[in-house]
Structures are given as structure tokens and as C-alpha cells.
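Note that numbering that gives the first Met the number 0 numbers the sequence shown so that position 389 is 388, with each residue one more than the last. Each residue gets a CB set at the ideal place from its N, CA and C atoms; glycine is no exception. This one's a predicted model, so the numbers in the text were calculated from it and none came from an experiment.
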Amino acid sequence: MKKLTLFSIFLAAVVIILGAYTRLTDAGLGCPDWPGCYGNLTVPLSEEKVAQANAAFPERPVEAFKAWNEMIHRYFAGTLGLCVLAIAIIAIRQRDKGTPVKLPLLLLGLIIFQAALGMWTVTLNLLPVVVMGHLLGGFSVLSCLFILYLRLRNTAGDASKIKQAPIASAMHDQDITDLPQAKVFQRNLKLFAFIGLGVLVTQIALGGWTSANYAALACTEMPVCESGWQERIDLAGAFSVPDADNYEFGAHDYGERVTMHIVHRFGAVITFLYLLALGISVLVSRYTTSKQKYVGAFMLVALCTQVALGLSNIIFMLPLAVAVMHNAVAAVLLLSLLNLIFTVFLALENDNVFGTEKRNTGSFSGSKSLQGAGAFSIHEAPLHDPLNASTSSHILPKAPGGFHG
């Protein structure tokens, strides 16, 4: 199941990239029906089938390039749906072995809803709310698959293979009395990481709204927009859905698109500063584990790459490859932040287990000498590192709260 989940993560990433490519090549209506294409399972290519397709949909004649973009995206999305269905079935059959069940079932529900959004994207002629929801649904599926993979990777069987590290090593050779401060730091890190997750998801939604309304090039000057942008701000109009028969190429006026673009830019600045501060705090703190420092460094690299891609979209007038990568790196940044949150859950869970074992298995010998020499010993049962991701083989290292199913 772990390998299938990993493969599904790859598929979900491909589907997100293909979805961005389809949208950016204006192929969202490359096939005007669903789930097929002009009534076929593949793009009509023969003269006879093309003639039949054009007769059935005279308002949208066949464009093979756009149609293939749309259908390839659907093929990969359908394959992903089958993989998620298989994961859900395996999870139900193996529920007695401790395999997560709620998260796979949630994934299955998300995939079904994603399919419905894909259909509505076509039948409602690229309604912006549906297009943005489809994008967020894809990111949600990818995120849930990634969390499921992290949980499966940290099962008791895998954790027993991890070499235990002494507490002093995880604490960077700090005295054991620093453990309360470390626990407070981890709790604060969890809070601020969840806030960062909210900020990042909001920014992704703003990007999706900007793209769905074809406002990516509404502003082409730096640092904010063309002169006179202050007079064009219209928040109410920018975040409304005007009446239109077809939303392809946008239905908002120029001022509303400028507003969308500017809000997305300001959101990018806020997101960058917040995640930058979060990542640096993880790197410089002595109360973070080596795993958290690695994840924090990776998150900062992804963050800087994303900002560079966003600037390149403006400077070079939205080149296709850069715009697609902007979507892909957003997914990478989201997963790195989720990974950081998961490491915090593991650290706090291990710390709670440590506190329980300390009360049940022994006491420190020589408290006065402990304060003087900074050394300690524990009788009877061995302890594990409370802040390291490793744990003893008899403890199931599951993260509490939202990461449990």
C-alpha cells in the first residue's frame, strides 16, 4: 500500500501539472463534452469523425492540439482515481492491521468530487469558481496522499529499523532541564506552521482565481502595477462572478482583473515573508531536530524558487514553461510545509511518551549531581529521544489530531 500511495503521489503531481498546462494553453474546453471528447473516448482524427464532431458541436470545431491536451489530462486523472479506489479498498481490508481507513476514504470522496468539478468545468464553460475549486481539489488530493504516505512510512514496522539516538544528541548536547523549553518551542512551531499553511493555501487560491479569470498579465510592471492602479481597485467586482454564457478568456473588466493581480502580488509578499521567518526560525533554533532543519531548508529553497518563477512570469510575459513550473513548485512548497508539521506532531508525540515512561520506569539518580554535572541515568526501561523522529519498536509512532484517520 505504501508503494501504491507513493505512485499515486506522483500521478497527482502529474495531474496538477497537466491541469496547469491545459489551462494555460486555453484547452479547458478542448473537448466540449465529458468524459469523452466529441462523443469519443479519444480525440476524433479521421475526416469522417471530425465532420461528425463539428456537426454535433458547431460552436466549437475540433482543434486536435487542445483536445489532446484535455484528454491526456483526463486519462491521468482517471488513472489516479483508480489508484485511490484501490488504496481505499486495501485500507478497508487491512483495517485490522492498524492501516489508516478514514484518510483513504476521505481521499476517495475527494476524487469523486474532483471528477464532478472536472465535469462542471466543461459543462459550465470554465466558470471561475469551479476552475479554482478544481485546482484546490487537486492540491487537496495531493496533500492527503502525502500525509497518508508519511503515516505509512512511520508505522511501527518501519520505526523499529531506525537507530535510536540519545536525548542529548537531539538536544544538541543541551542539559536535560532544557526539555520543557523544547516542548514549548515545538508547540509554538506547530501553531505557527498551521498559520503558515493557512497563509499558503490562501495564496494558492488567489493564484487560482487570478489564473481562472485570465488576469495573470493584467499588470506587467513592477513593483505593483501600471500607473493609476489605485483608481482601478474594485475588490467587490474582482471577487464576484459576472453573468456570462462563456467564461473562456475571462468575463471581468480590466479594473477587476488588475485588482485580482494586485491582491495576488500582495499575498505573495505576505506569504514569502511569513514562510521565510518560519523557515529561518527552524534552522537557527537549538530546539529543532535534524529532520526539521532539513525540511525547513528544503522549504526555503522551494519558497525562493517560487518567488523567482512568479517574478519571471511578469518580466517575461507569462512564458508557458515558467507558468507551469509556478504551479508545480507551489505544490512542492505545500508538501514541504506539511512535512514540517508532521515532524512536529511526531516530536510532540514522542515527548509525551517519554514523559509517561519516565514516570513509570524509574527516576533520575542523584538530582543534585544532575544539576551540577549535567549528567543523568535512568533505571530499568531504556528511553528514546523525545525530539527525534525515532522511537522504540513497541511504540506506534502515530501523529495525533488531524494526521490520524
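Where residue i falls, given that 16 or more other Cβ within 10 Å makes a residue buried
{"i": "Thr287", "result": "buried"}
{"i": "Gln180", "result": "exposed"}
{"i": "Lys65", "result": "buried"}
{"i": "Ala55", "result": "exposed"}
{"i": "Pro103", "result": "buried"}
{"i": "Ile86", "result": "buried"}
{"i": "Thr4", "result": "buried"}
{"i": "Lys290", "result": "buried"}
{"i": "Val183", "result": "exposed"}
{"i": "Thr98", "result": "buried"}
{"i": "Ile88", "result": "exposed"}
{"i": "Val240", "result": "exposed"}
{"i": "Gly38", "result": "exposed"}
{"i": "Gly195", "result": "buried"}
{"i": "Thr201", "result": "exposed"}
{"i": "Phe248", "result": "exposed"}
{"i": "Ile203", "result": "buried"}
{"i": "Ala276", "result": "exposed"}
{"i": "Gln305", "result": "buried"}
Straight-line Cα distance separating residue j from residue i
{"i": "Ile111", "j": "Met0", "result": "20 Å"}
{"i": "Gly136", "j": "Val14", "result": "11 Å"}
{"i": "Gly236", "j": "Val129", "result": "18 Å"}
{"i": "Gly29", "j": "Val262", "result": "30 Å"}
{"i": "Ser284", "j": "Lys96", "result": "38 Å"}
{"i": "Leu178", "j": "Leu347", "result": "11 Å"}
{"i": "Trp119", "j": "Pro127", "result": "11 Å"}
{"i": "Val328", "j": "Val343", "result": "23 Å"}
{"i": "Asn187", "j": "Cys303", "result": "24 Å"}
{"i": "Ile269", "j": "Leu334", "result": "19 Å"}
{"i": "Leu151", "j": "Ala322", "result": "33 Å"}
{"i": "Gln185", "j": "Leu272", "result": "21 Å"}
{"i": "Gly108", "j": "Arg94", "result": "18 Å"}
{"i": "Ala192", "j": "Gly227", "result": "37 Å"}
{"i": "Asp242", "j": "Phe341", "result": "43 Å"}
{"i": "Leu216", "j": "Ile91", "result": "47 Å"}
{"i": "Met221", "j": "Leu345", "result": "43 Å"}
{"i": "Gly207", "j": "Ala12", "result": "16 Å"}
{"i": "Leu319", "j": "Leu10", "result": "21 Å"}
{"i": "Gly18", "j": "Leu134", "result": "8 Å"}
{"i": "Ala26", "j": "Glu62", "result": "9 Å"}
{"i": "Ile71", "j": "Glu46", "result": "21 Å"}
{"i": "Glu379", "j": "Gly132", "result": "A caution first: Glu379 carries a pLDDT of 36, below 50, which makes its placement in the model unreliable, though a value can still be read off. Rounded to the nearest angstrom, the two C-alpha atoms are 55 Å apart."}
{"i": "Cys36", "j": "Pro57", "result": "14 Å"}
{"i": "Thr154", "j": "Glu225", "result": "54 Å"}
Sheet register partners of residue i (DSSP bridge)
{"i": "Asn39", "result": "Cys36"}
Within 9 Å, strictly: CB atoms of residue i and residue j
{"i": "Gly254", "j": "Arg231", "result": "yes"}
{"i": "Thr219", "j": "Ile313", "result": "yes"}
{"i": "Leu147", "j": "Leu106", "result": "yes"}
{"i": "Val83", "j": "Val140", "result": "yes"}
{"i": "Leu337", "j": "Gly295", "result": "no"}
{"i": "Ala330", "j": "Phe138", "result": "yes"}
{"i": "Tyr20", "j": "Asn53", "result": "no"}
{"i": "Tyr293", "j": "Leu123", "result": "no"}
{"i": "Val223", "j": "Arg256", "result": "no"}
{"i": "Lys50", "j": "Gly80", "result": "Looking at the sequence itself, residue 50 is Ala, so the reference to Lys does not match. Cβ atoms of Ala50 and Gly80: not closer than 9 Å."}
{"i": "Arg59", "j": "Pro31", "result": "yes"}
{"i": "Ala211", "j": "Leu116", "result": "no"}
{"i": "Gly77", "j": "Pro34", "result": "yes"}
{"i": "Leu299", "j": "Val198", "result": "no"}
{"i": "Leu332", "j": "Ala301", "result": "yes"}
{"i": "Leu144", "j": "Ile16", "result": "no"}
{"i": "Met259", "j": "Leu205", "result": "yes"}
{"i": "Leu310", "j": "Leu23", "result": "no"}
Check: residue i C-beta below 8 Å from any heavy atom of the ligand COA
{"i": "Ala215", "result": "The ligand COA is not among the ligands present in this structure, which contains no ligands whatsoever."}
Considering only residues of the stretch 265-337, which uninterrupted alpha helix (DSSP H) runs meet the minimum length of 4 residues and lie entirely inside it, listed in chain order?
List check, alpha helix (DSSP H) in window: 289-314.
Would you mind listing the alpha helix (DSSP H) stretches within the stretch 82-159 that are 4+ residues and don't spill past its ends, in chain order?
Segments of the alpha helix (DSSP H) lying fully in the stretch 82-159: 101-122, 127-152, 155-158.
Fully enclosed by the stretch 224-251, which alpha helix (DSSP H) runs are 4 residues long or longer?
Fully enclosed alpha helix (DSSP H) runs of 4 or longer: 228-231, 234-237.
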